[in-house]
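Just so we're aligned: 172 in the working numbering is position 91 of the sequence shown, and the numbers increase by one with no gaps anywhere. Have a look at the structure below, then the notes.
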Amino acid sequence: MLTPSIGFKKEKILSQIGIGVLLALAMSLVLTVLPIMLGFKDMVGNTTYTQTYQFVYQFIYAILGVALAEELVFRGYIFHKLLAVKNSRWFAIIISSLLFGLFHIFNGNIIQIFMTAFIGFLYCVFREKIKGCTLLSLIIAHGVYDAMIVLWVSIL
Numbered sequence: 082m083l084t085p086s087i088g089f090k091k092e093k094i095l096s097q098i099g100i101g102v103l104l105a106l107a108m109s110l111v112l113t114v115l116p117i118m119l120g121f122k123d124m125v126g127n128t129t130y131t132q133t134y135q136f137v138y139q140f141i142y143a144i145l146g147v148a149l150a151e152e153l154v155f156r157g158y159i160f161h162k163l164l165a166v167k168n169s170r171w172f173a174i175i176i177s178s179l180l181f182g183l184f185h186i187f188n189g190n191i192i193q194i195f196m197t198a199f200i201g202f203l204y205c206v207f208r209e210k211i212k213g214c215t216l217l218s219l220i221i222a223h224g225v226y227d228a229m230i231v232l233w234v235s236i237l
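This is the structure we're talking about:
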């Protein structure tokens with residue numbers, strides 16, 4: 082059962098979604114568009130998508146498949162379990178972020194492991210420091226950001 086104890090709130094759903102979209106846009110500009118413009122496109126990613134339906138599928142998959150599962154596990158369950166064990170927000174933020182990065186070890190790219198840990202850290206800090214940022218906001222931010230990577234790589 083999804084409960085408020087892992088970061089969901091029933092109030093101001095549209096605001097939570099809006100925060101997620103704004104976070105994704107800001108992150109994609111800084112972590113995707115800027116590196117591509119500076120000549121690091123190969124480090125950002127690659128894609129063979131050329132059709133609109135492929136991007137629509139990627140967007141849906143990124144939110145409902147990847148972001149939902151990863152945010153529930155890392156910023157929901159693991160973060161709150163670590164918080165309960167140590168009663169330290171920074172401990173929970175750092176350890177859950179490192180675990181998030183290590184979870185991506187099978188992608189075969191050491192840079193992606195560090196970047197993913199950093200992004201996990203950002204998601205935790207966003208939720209802690211931005212008023213109204215909830216687990217739903219992070220699911221939206223994560224999914225939209227992941228989908229936008231594919232979009233930016235294909236058009237820039």
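Using N, Cα and C, we set each Cβ at its ideal position, and we do this for glycine too.
Which one of the options has the shortest CA to CA distance from residue i?
i      : options                        : result
His223 : Gly101, Lys90, Gly88 and Lys91 : Gly101
Go through its chain and collect everything with a Cβ distance to residue i's Cβ below 6 Å, but skip five positions before and after it.
i      : result
Lys322 : Because residue 322 is not part of the residues shown, which for the chain are 82 to 237, the question remains open.
According to DSSP, is residue i helix, strand or coil?
i      : result
Met82  : With a pLDDT of 47 at Met82, under the threshold of 50, the modelled position of that residue is not reliable, and the figure given next carries that caveat. The answer is coil: DSSP assigns Met82 none of H, G, I, E or B.
Thr215 : coil
Gln97  : helix
His185 : coil
Identify, in the order they occur along the chain, each residue of the same chain with its Cβ nearer than 8 Å to the Cβ of residue i, setting aside the five sequence neighbours on each side.
i      : result
Met229 : Ala105, Leu106, Ser109 and Thr113
Looking only at its own chain, which residues have a Cβ that is under 7 Å from the Cβ of residue i, when we skip the five neighbours before and after it?
i      : result
Ile164 : Note that residue 164 corresponds to Leu in the displayed sequence, not to Ile. These residues qualify, in order along the chain: Arg170 and Ala173.
Ile236 : none
Ile194 : Gly182, Leu183, His185 and Ile186
Pro116 : Met124 and Val125
Count the CB pairs spanning the stretch 200-218 and the stretch 87-106 that are closer than 8 Å, and state whether there are at least three. As far as the Cβ criterion goes, the stretch 200-218 touches the stretch 87-106, which means the pair count is three or higher.
Taking contact to mean at least 3 C-beta pairs separated by less than 8 Å, is the stretch 128-148 in contact with the stretch 197-208? The answer is no - the stretch 197-208 does not touch the stretch 128-148, with fewer than three Cβ pairs under 8 Å.
Assess contact between the stretch 104-118 and the stretch 175-195, defined as three or more Cβ pairs (one per stretch) separated by less than 8 Å. Is contact present? Put simply, the stretch 104-118 does not touch the stretch 175-195. Fewer than three CB pairs are less than 8 Å apart.
Touch test, the stretch 195-204 against the stretch 167-181, Cβ-Cβ under 8 Å, three pairs minimum: With the cut-off at 8 Å, the stretch 195-204 and the stretch 167-181 touch.
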